Amino acid sequence: MIFEIFRQEREGQPFQHGGSLEAPNLAFAETYARELYGRRDESFALWIVPRESVEEILDPYVADVFDRDYRRVDGYSLKVKLKEARELAAKNAPHFPREETSAISDLGPA
Amino acid sequence: MSEEDLIRPAGSRSEGSVPESAQRILELADDELILGWRNSEWTGIAPFLEEDVAFSSIAQTEIGHARAWYELAARQTERGGVDADALAFDRDPDEYRCAPFVETRLVPDWARTIARHWLYETADAIRIEALKASGDPEVAGLAEKIDREETYHRMHADMWADRLRDEARFRGAVDELWPSALGLLEPGQRDRLCEIVGREPVEANERGEHTEELRPLWEEMTMVRRSVPGASW
Amino acid sequence: MLTTVRLEDTEFEAYVQAGGAVETGDAMPDDYRSALIKFIEMHGNSELMGVLPEREWILRAPTLQRKLALTAKVQDEVGHSQLIYRVVEDLGKPREACLDDLVAGKTKFHNVFHYPTKTWGDVAVIAWLVDAAAIISQKALLKCSYAPYARIMKKICWEESFHILHGRDCILALMTGTDEQRELVQEAVTRWWGPLMQFHGNPIAAEDDPMYRWRIKSQANEDARQQFLDGYVPQIWELGLTVPDPKLRKRDDGVWEYSEPDWDELKHVVTGHGPKTEERLGFRRWSREETAWVRSAVLADAA
Chain A
2 MIFEIFRQER
12 EGQPFQHGGS
22 LEAPNLAFAE
32 TYARELYGRR
42 DESFALWIVP
52 RESVEEILDP
62 YVADVFDRDY
72 RRVDGYSLKV
82 KLKEARELAA
92 KNAPHFPREE
102 TSAISDLGPA
Chain B
5 MSEEDLIRPA
15 GSRSEGSVPE
25 SAQRILELAD
35 DELILGWRNS
45 EWTGIAPFLE
55 EDVAFSSIAQ
65 TEIGHARAWY
75 ELAARQTERG
85 GVDADALAFD
95 RDPDEYRCAP
105 FVETRLVPDW
115 ARTIARHWLY
125 ETADAIRIEA
135 LKASGDPEVA
145 GLAEKIDREE
155 TYHRMHADMW
165 ADRLRDEARF
175 RGAVDELWPS
185 ALGLLEPGQR
195 DRLCEIVGRE
205 PVEANERGEH
215 TEELRPLWEE
225 MTMVRRSVPG
235 ASW
Chain C
671 MLTTVRLEDT
681 EFEAYVQAGG
691 AVETGDAMPD
701 DYRSALIKFI
711 EMHGNSELMG
721 VLPEREWILR
731 APTLQRKLAL
741 TAKVQDEVGH
751 SQLIYRVVED
761 LGKPREACLD
771 DLVAGKTKFH
781 NVFHYPTKTW
791 GDVAVIAWLV
801 DAAAIISQKA
811 LLKCSYAPYA
821 RIMKKICWEE
831 SFHILHGRDC
841 ILALMTGTDE
851 QRELVQEAVT
861 RWWGPLMQFH
871 GNPIAAEDDP
881 MYRWRIKSQA
891 NEDARQQFLD
901 GYVPQIWELG
911 LTVPDPKLRK
921 RDDGVWEYSE
931 PDWDELKHVV
941 TGHGPKTEER
951 LGFRRWSREE
961 TAWVRSAVLA
971 DAA
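Residue numbers (our numbering), protein chains in the order written: chain A, 2 to 111; chain B, 5 to 237; chain C, 671 to 973.
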């Protein structure tokens, strides 16, 4: 059986794929994983996963058949709308302090 | 092994020689050295690559434990200038105190290798347990430390013994090696070994006489060192 | 399920040349795949055969420390062959097939592992200079276009760095020892110099070599050799050792000049005619046959 080994280098770090090994069962795989990825104390923790249990998705992006830019940062262009809003505000309420409207510009990338 | 021998008072040591207490420690050290040496014969040619790496680690820890015991024996020796390497390499083969069990060359027979590995680790656990209770704090402390590493050896040995249990050649190898395995332990500790491995006691192949295989092993082990006597390497 | 797109070779070449990485499941030209298998398999073979010149000296190591270090070094090499053969296996050639071909003499391994290890001086020189030459090639592979190979090379290079230190430490102990010990080192340097100069291969123009076009390799043979000379000749000289090449010198422009290495010897040796080739392959065949029952008993589940 082929087992995939993921290693965490230091506590709190993400696990990264380290390599794979061949072993007859999980007990052997555990012993060999310790030897191959821990004998110099180079790993904080290991995950041992039978290869069949790893479901690989090589093209994880779900295709954009319809426009789905509302889920992305680049789907929001505020620059033009902001300019319009400021002009409108200045025309309709000239007494309104300019400083307070500037909060709108923090909403996202313009 | 009796605890008294390990903690014999300094006055009983004869000037200029290795004292009896240190001699007892040398039994442990020599067992680990010679077994580690034999096991390292597998490095590079074990049955498969993952196991090769694992078995090399075991050989290394055995040599490491031998070194720790030699260092302790050297500290208990009055004559200056004796260090772990001198004890490991510079004695005559007849002065080694290892049991015949560890001397035999078993490469390329993996069944006998695993049988010896499993019997040795099981017996060693009994011996280490007793040493942890030694009155000599240095001996007890070292036994404690060694035991932590031996846990992995036992895990590995049990894993293999379990896997090969139904193999006729493995069972035959255990039968063959059983009398020598008993010889590793003091008579008082042997019942416990019989109990753990589920075998009847037989006449043990005792420590004291060496097999014919020790001398050629020693010749090879010391050939570089003897080539330039007294040099540093 | 992934939809594979058949890439045209030129398109693929442009992709890897631009720094693109290739993963196991990706579409790749057949020629690229077979070049990878051949190259990586030879690397795995070399790690595994490289064990043999050193393993017998584990038993003869003159101190406990040296014995431990040498065992650890050989252990790493076996570990490297494990990692490398796994990469080959995922590319489509099973480990057992690689080992069958190796012991049958059908595939190659590096020239330096076809030579005898005569003394403890050779052991030290192998750990110091042969490993230094090898690590130069291996570091260049960190940028290999085949990402699974590049990733394991990181671990391999990290472990190799310890080997060179061990080698240098052994050398320094001998060079600060007796005349006999210094002589051991000098004899070994003299013995190994020819094979070391051949190690990185004869100079090939990068544009003629598909290994560069596919970015499997990214360092020219001659660059590797120059890097080796630049890094290690000064270290050899500073210890008072002599290199057996009267033409060896560093020019003002920084390039090392040397006598033409014996390329016929290199070819002869790597095609299976080195002084120890047959004996070592025979030894591998023997140990493999003796332990075949273990693999079938224990790895049976894997089938």
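Where is the CB? At the ideal position from N, CA and C, for every residue including glycine.
If you're wondering where the values come from, they're calculated on a predicted model, not measured in any experiment.
In the structure shown, the three-state DSSP call for VAL744 (chain C) is helix. The alpha-carbon of ALA88 (chain B) is positioned some 14 angstroms away from that of TRP237 (chain B). Cα atoms of VAL940 (chain C) and LEU197 (chain B): separation of roughly 53 angstroms, rounded to the nearest angstrom.
At a cut-off of 7 angstroms between C-beta atoms, GLY48 (chain B) counts as an interface residue with respect to chain C.
Within the stretch 46-80 of chain B, the complete alpha helix (DSSP H) runs of at least 4 residues fall at 53-79.
Judged by beta-carbon spacing, ALA810 (chain C) lies within the 7 angstroms limit of SER888 (chain C), meaning their Cβ atoms are closer than that value. Under the 8 angstroms Cβ criterion, the stretch 680-693 of chain C does not count as touching the stretch 726-735 of chain C, having fewer than three qualifying pairs. Pairing ALA77 (chain B) with LEU37 (chain B) gives a Cβ-Cβ distance that is not under 7 angstroms. Closer than 7 angstroms at the C-beta level to chain B, one finds these residues of the stretch 30-51 of chain A: THR32, TYR33, GLU36, LEU37, ARG40. Listed by position along chain B, the residues whose Cβ is nearer than 7 angstroms to that of LEU835 (chain C) form an empty set, because the closest Cβ is around 16 angstroms away. The beta carbon of VAL744 (chain C) does not come within 7 angstroms of any beta carbon belonging to chain A, so the residue lies off that interface. Residue pairing of GLU5 (chain A) in beta bridges, as defined by DSSP: A:SER21, A:VAL50. Looking at the DSSP output, TRP926 (chain C) shares a beta bridge with C:LYS920. If you draw a straight line from the Cα of GLN27 (chain B) to the Cα of VAL55 (chain A), it is about 55 angstroms long. CA-to-CA, the gap between ASP879 (chain C) and HIS780 (chain C) works out to about 19 angstroms.
For GLY695 (chain C), at least one C-beta of chain A is nearer than 7 angstroms to its own C-beta. Closest in C-alpha terms to GLU180 (chain B), from the list B:THR117, B:THR65, B:SER61, comes B:THR117.
When the Cα atoms are used, GLY952 (chain C) and THR226 (chain B) turn out to be separated by approximately 27 angstroms.
Residue contact check for LEU27 (chain A) against chain B: no CB pair falls below 7 angstroms.
Within the same chain, THR65 come within 6 angstroms of GLU153 (chain B) by CB-CB distance, once the 5 residues on both sides are set aside. Segment contact: the stretch 119-135 of chain B against the stretch 187-195 of chain B, three or more CB-CB distances shorter than 8 angstroms; contact assigned.
Residue contact check for VAL968 (chain C) against chain A: a CB pair falls below 7 angstroms.
Contact holds between the stretch 46-59 of chain B and the stretch 745-761 of chain C, because three or more Cβ pairs, one in each stretch, are under 8 angstroms apart.
Around GLU57 (chain A), the beta-carbon contacts reaching into chain C at under 8 angstroms are GLY695.
Interface annotation for the stretch 109-142 of chain B against chain C: PRO112, TRP114, criterion Cβ-Cβ distance under 7 angstroms.
Per the C-alpha coordinates, the member of B:PRO183, B:ASP170, B:ALA185, B:LEU123 positioned closest to HIS157 (chain B) is B:LEU123.
Chain-order list of chain B residues neighbouring GLU23 (chain A): PHE52, LEU53, GLU54, by C-beta distance under 9 angstroms.
Every alpha helix (DSSP H) of 4 residues or more that sits fully in the stretch 799-879 of chain C is shown, in chain order, as 801-810, 817-845, 849-868. In this structure, DSSP gives VAL111 (chain B) a state outside helix and strand, which the three-state scheme calls coil.
Where LEU83 (chain A) is concerned, the enclosing alpha helix (DSSP H) starts and stops at 80-93.
Pairwise C-beta distances place the stretch 817-829 of chain C out of contact with the stretch 864-873 of chain C, as fewer than three of them are shorter than 8 angstroms. Residue state for VAL86 (chain B) is assigned as coil, using DSSP reduced to three classes. Beta-bridge annotation (DSSP): VAL692 (chain C) is paired with C:TYR816. Under a criterion of Cβ atoms nearer than 7 angstroms, no residue of chain C is adjacent to MET163 (chain B); the nearest Cβ is some 10 angstroms distant. The C-beta separation of HIS784 (chain C) from PRO945 (chain C) comes to about 7 angstroms, placing the pair in contact by the 8 angstroms criterion.
Non-local beta-carbon contacts of GLU31 (chain A) in its own chain, meaning distances under 7 angstroms to residues more than five positions away in sequence, involve ILE49 in chain order.
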